[in-house]
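Novice:
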Amino acid sequence: GLSGHIEGDAGALLAGMEGQVPAGEPLIIPCDRLIRIDFSAAGSVLNWAAEQQAHGRVVQFQNLHRLVAVFFNVVGVNEHAWVVPRKN
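As structure tokens, this is what we get:
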């Protein structure tokens, strides 16, 4: 999953995650411990999510901090993946 403070390109953190689930299963990325993500990293998450969608994969970013979830929606990640904020 994604955790801590992410700055710059998040591609290295996301690379290989798609191989962790069988084809046809949703790719669930836990974000419980994600504290902060900068604009550049969010852009790379957007590009990665769009690539996954183009390959027919469903991606879910789960348990995001509410502000990060809003940020992902503003950047457009929600157009390519499910953005699920924390319940609390």
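Residue numbering for the sequence shown follows my numbering, starting at 477 and increasing by one per position. Every residue gets a Cβ at the ideal spot worked out from N, C-alpha and C, and that includes glycine. Note that the structure is a prediction, hence the values are computed from the model and not measured.
Residues in the same chain with beta-carbon distance under 7 Å from Met493, minus the five sequence neighbours each way, listed in chain order, please.
Specialist: Leu503 and Ile505
Novice: Note down, in chain order, each residue of its chain lying with its Cβ closer than 8 Å to the Cβ of Gly477, except the 5 sequence neighbours on either side.
Specialist: Within the same chain, Cβ atoms closer than 8 Å to the Cβ of Gly477 are found at Ile505, Pro506, Cys507, Asp508, Arg509 and Leu510, the five residues on either side in sequence being excluded.
Novice: From this set, Val560, Lys563, Val534 and Phe548, which residue's C-alpha is nearest Glu501's C-alpha?
Specialist: Val534
Novice: State the Cα-Cα distance for the pair Glu555 and Asn549, rounded to the nearest angstrom.
Specialist: 8 Å
Novice: With a CB to CB cut of under 6 Å and the five nearest residues on each side skipped, what residues in its chain are close to Gln529?
Specialist: Within its own chain, the residues whose Cβ lies closer than 6 Å to the Cβ of Gln529, once the five positions on either side in sequence are excluded, are His556, listed in chain order.
Novice: Is Val559 buried or exposed, if buried means 16 or more other CB atoms sit within 10 Å of its CB?
Specialist: buried
Novice: Where Arg542 and Pro561 are concerned, what is the direct C-alpha to C-alpha distance, given to the nearest angstrom?
Specialist: 5 Å
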